[in-house]
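In order, the protein sequences belong to chains W and S.
Just so you know, we're using my numbering here: the first sequence kicks off at -19 and counts up by one.
Just so you know, we're using my numbering here: the second sequence kicks off at -19 and counts up by one.
We put the beta carbon where it would ideally sit given N, CA and C, even for glycine.
Notes follow once the structure below has been shown.
Number of protein chains: 2
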Amino acid sequence: MHGHPDAVGLDQNQANHVSLSPLTFLERAATVFPYKPAVIHGNRVLSWADTYTRCRRLASALIRRGVRRGDTVAAMLPNVPAMFESHFGVPMMGGVLNTLNTRLDAESIAFMLRHGEARVLLTDREFAPVIRHVKALLGDQDLLIIDVDDPAASAGELLGSIEYEQFLLEGDPAYAWQLPPDEWDAISLNYTSGTTGNPKGVVYHHRGAYLNAVANILCWGMPQHAVYLWTLPMFHCNGWCFPWTMAAVSGINICLRRVDPQVIFALIQQHRVTHFCGAPIVHGMLINAAHFIPEGLSHPVSALIAGAAPPAAIIEGMEKLGISITHVYGLTETYGPAAVCVKHESWNQKSISDRARLNGRQGVPNLMEEAMAVLHPESLQPVPADGETMGEIMFRGNIVMKGYLKNPRATEEAFAGGWFHSGDLAVVEPDGYVKIKDRSKDIIISGGENISSLEVEDVLYRHPDVLVAAIVAKPDEKWGEVPCAFVELKEGALPSAEGILEHCRSRLARYKVPREVVFGIIPKTATGKIQKFVLRQRLKSTEALE
Amino acid sequence: MHGHPDAVGLDQNQANHVSLSPLTFLERAATVFPYKPAVIHGNRVLSWADTYTRCRRLASALIRRGVRRGDTVAAMLPNVPAMFESHFGVPMMGGVLNTLNTRLDAESIAFMLRHGEARVLLTDREFAPVIRHVKALLGDQDLLIIDVDDPAASAGELLGSIEYEQFLLEGDPAYAWQLPPDEWDAISLNYTSGTTGNPKGVVYHHRGAYLNAVANILCWGMPQHAVYLWTLPMFHCNGWCFPWTMAAVSGINICLRRVDPQVIFALIQQHRVTHFCGAPIVHGMLINAAHFIPEGLSHPVSALIAGAAPPAAIIEGMEKLGISITHVYGLTETYGPAAVCVKHESWNQKSISDRARLNGRQGVPNLMEEAMAVLHPESLQPVPADGETMGEIMFRGNIVMKGYLKNPRATEEAFAGGWFHSGDLAVVEPDGYVKIKDRSKDIIISGGENISSLEVEDVLYRHPDVLVAAIVAKPDEKWGEVPCAFVELKEGALPSAEGILEHCRSRLARYKVPREVVFGIIPKTATGKIQKFVLRQRLKSTEALE
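Structure (structure tokens):
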């Protein structure tokens, strides 16, 4: 009846059409469960009413400092209450939250603050060395720096002009926030380290954040008042939208500054944690630290695992700990996980190796992501579900970014043909489940962090002795992958591997620094293109020899 | 960043913006769980793959018969597989599903088919007497009648030009259906018996159906593969959107043609039913039939109750049966329940009468309905949360109808001031929960069905002896309320009560016929307006005397 002559009077109005936004979840949690705990950090407990008031204060204080709708507010914070509150307080006043990867170097952070035109930066003592450098790099960019003076922080300077709790007091606790006029409005900005040098700014909208927050509940069967431990950094794709999910279930957020297995087990037991997320490395650490809980866990715990297919040892080890694992898959561009390896009851009867193989697949789109397909990269024709024909994983749906900030060319490429191109190569198995076979780009995933090989190569190329450089992923038991450098030297040059690494260390975040340097002639195609697959094979044969 | 100069390249495209529609849930259930049962009717079991194929056939067959996007397809059906399939097959081809209240008389049905401009009618042997009359009333309206020849139906003619299973065979099982171009497009049409004579056609859109289907899962904590018994008629607000909910959880629909406690208990035990919905009368019938399950139920069952506040006896009785009750509230205009009396753990410690009082409230908006407020009907100012000040319940959100079909004046009134006016008068208690105190309209709710007092009065006025007539709700243990007629006779007239009732029976659906007739002078205001509240008080004092 849309566009039909009978449709007169059936238009959208204020009563029947409201912007979808996860901000409504906070208001409801504070209305229905005002006295229930929302955020716990050490001995500090903030209720949903407290949290709602603090978020309104934050929004109001930002406005009073001149921040306007559409402005960017950046956060360089661990998983502390201020980080959680930023996910609501910033968008409540129309701001766009830019959470920063706290492991990055000053140059990357400065690039993001400049490119995202941040007006405000929230930071923590722990990151003072980097932020001090960032301030110098930014020069005269007008940036209000707010210190979150967390008593649990290690030593470190306060670099800002006001402390967070003081800043909150500037705001109106009853600030009458409004939903965004358009659910397509930006809610956050997440920089991804692509393969092409500069990070790309992935923009999320309120509609997608709302839907993914709900999809998290559905994909995991989360109950009301779930207790969620923040092992996953909130700076990663807005913690896969879980800050908003936790408001939707009126749950309890258990803060965590650092991934430490002993602390994690203690918090799980103390608060009866029901859910947490992480890369395989987090799960691996817990398995290796099982001696901290000799009698096992006292209650059932569920964990999501993403970032790489979980090896059988991880699934088996977590089962022994009494932690039920669900494997999910996604990218920064899809608000974190947008696919889930939905389990079938029949799998319970299978052997552990079969279960690991079945659960290690990327699976199917989650309920609220309309489509995940494996298509031929050019023709966009779907591959047959034969488990053998490779294609590129592509997404289509409401849990896909708006695009890359100030980068229409990259946006257009990413959305070519009306699909978001993931860059991951996969097959479809006969049961319709997707399984990744390779990455079409050369990203290295180390401990859940993406490392752009091009970025590291750029640094190597800046060394005076380097003629050709190539970074390749080397499989690693602990980190999943680590970067390995292949270096072809200039004639007559004779640097040490340690000298090359030192050069990298002074220019890169620590996790991006290659684990080893291999000197020699680098294989190239006739047209001069480096043959990385040959280098990968070399690493494999070296491994076999070890 | 919306409308911001930096927002270039951040527009909606095919990859990142897809119409929200519950049709995607069916496709996903059929992809992920093709062999799981979807619909069970007697000995017949249809899997999700079967159901998806049958729905595509239905969509395709409708197109081949000339039905176009935006056309209305009506269904006069009990809760059988064809009724479930219509909820997907009709909107898959862009049609609008008009489910008809099977208890209505031929004149009402004919009005709806004419007003909704139905092109197709699916019907069942059981309703042959009414539909035969409807055909005569419609005269030359071009209507394709399809018979659903259910072996479980009682005797009755086939009146259509083709049988449903034959009709499905006309359709393409692989029909490439498409999402609606706009999520605001109509998905269904539900006639409500308002107070103003003719029924109003409430139009739902795909966006609202999608969101309410998901809200059902969240409000009830429904797990994947929930087993749902169809005690609630699917013709009521599209079964509160549960056909779409069941696809979203890849659950099992247990069909039920008629509410019979013995059959209900048998199906609950046989299929291990986990969830069902109904008006208090359904729950009351089960409590009175507890002797059918002397050993109680073998597994936990959850039930939603709506239509009226559940009395303490119902809550206590259901608890004894091992059925956990949640009270929900809504209207046809809000896709069924849009509010829920969310339970608090602390209530478990209270007495049964306190629990009944707390759970009997209309509560708070569900997670995906943005607001339910109690406002002064004119000023639209919220009432204080004092449990005493009355106002009108109003809704605002995405789970509110598009409007009334071909009735812009009623639509405008319903949405005055940017809120949907429910017509229910309520207070807000200090904990923020809403409690209905009275209805501002004079609707009678009998066995979960709305009866318009004006409609019955109209019939009474057509009796040659009636001078003044007023219909008032009389409380009734079994039905909640029944209509009671007050009649002031013309001078010299002396009809029997039975004669008046016979007059009504030949002109009204059975449930609308008054239970009793009281003769006498009807109290009126100075301006001649009938004082129904005086009549209600008379009924109460009569009751007290009984």
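Environment of residue i [buried if 16+ CB atoms lie within 10 Å]
i	result
residue 437 of chain S	buried
residue 401 of chain S	buried
residue 455 of chain S	exposed
residue 393 of chain S	exposed
residue 336 of chain W	buried
residue 161 of chain S	exposed
residue 8 of chain W	buried
residue 515 of chain S	buried
residue 272 of chain W	exposed
residue 93 of chain S	buried
Pair within 7 Å by beta-carbon distance, residue i and residue j
i	j	result
residue 6 of chain S	residue 68 of chain S	yes
residue 293 of chain S	residue 256 of chain S	no
residue 77 of chain W	residue 101 of chain W	no
residue 80 of chain S	residue 108 of chain S	no
residue 410 of chain W	residue 365 of chain W	yes
residue 341 of chain W	residue 153 of chain W	no
residue 232 of chain S	residue 194 of chain S	no
residue 227 of chain S	residue 128 of chain S	no
residue 467 of chain W	residue 452 of chain W	no
residue 185 of chain W	residue 382 of chain W	yes
residue 182 of chain W	residue 211 of chain W	no
residue 527 of chain W	residue 163 of chain W	A question about residue 527 of chain W goes unanswered here, because the residues of chain W that appear run from -19 up to 526.
residue 14 of chain S	residue 25 of chain S	no
residue 133 of chain W	residue 106 of chain W	yes
residue -9 of chain S	residue 57 of chain S	no
residue 580 of chain S	residue -11 of chain W	Because residue 580 of chain S is not part of the residues shown, which for chain S are -19 to 526, the question remains open.
residue 125 of chain W	residue 139 of chain W	yes
residue 110 of chain S	residue 86 of chain S	yes
Residues sharing a beta bridge with residue i, DSSP
i	result
residue 468 of chain W	W:448
residue 426 of chain S	S:429
residue 351 of chain W	W:376
residue 127 of chain S	S:103, S:143
residue 415 of chain W	W:407
residue 78 of chain S	S:54, S:169
residue 207 of chain S	S:232
residue 371 of chain S	S:406
residue 284 of chain W	W:257, W:306
residue 263 of chain S	For residue 263 of chain S, which the question treats as bridged, DSSP gives no partner whatsoever.
Inter-residue Cα distance where the pair is residue i and residue j
i	j	result
residue 40 of chain S	residue 415 of chain S	47 Å
residue 487 of chain W	residue 476 of chain W	18 Å
residue 224 of chain W	residue 502 of chain W	48 Å
residue 422 of chain S	residue 433 of chain S	6 Å
residue 378 of chain S	residue 1 of chain W	12 Å
residue 4 of chain S	residue 512 of chain S	48 Å
residue 478 of chain S	residue 497 of chain S	8 Å
residue 83 of chain W	residue 216 of chain W	11 Å
residue 314 of chain S	residue 179 of chain S	16 Å
residue 361 of chain W	residue 355 of chain W	5 Å
residue 350 of chain S	residue 147 of chain W	30 Å
residue 463 of chain S	residue 137 of chain S	32 Å
residue 264 of chain S	residue 270 of chain S	10 Å
residue 397 of chain W	residue 372 of chain W	13 Å
residue 44 of chain W	residue 89 of chain W	26 Å
residue 200 of chain S	residue 374 of chain W	33 Å
residue 74 of chain W	residue 168 of chain W	10 Å
Problem set entry | Chain-ordered residues of the stretch 183 to 199 of chain S with a beta carbon less than 7 Å from chain W | 183, 194, 197, 198
Exercise. Relative to chain W, which residues along the stretch 256 to 278 of chain S have a C-beta separation below 9 Å, given in chain order?
Worked result: none
For this session: Residues of the stretch 46 to 69 of chain W with a CB closer than 8 Å to any CB of chain S: list them in chain order, please.
Result: 50
For this session: Select from the stretch 376 to 387 of chain W all residues with a C-beta closer than 8 Å to any C-beta belonging to chain S, and list them in chain order.
Result: 376, 377, 378, 380, 381, 382, 383, 384, 385, 386, 387
For this session: Please name the residues in the stretch 18 to 39 of chain W whose beta-carbon is closer than 8 Å to at least one beta-carbon of chain S, in chain order.
Result: none
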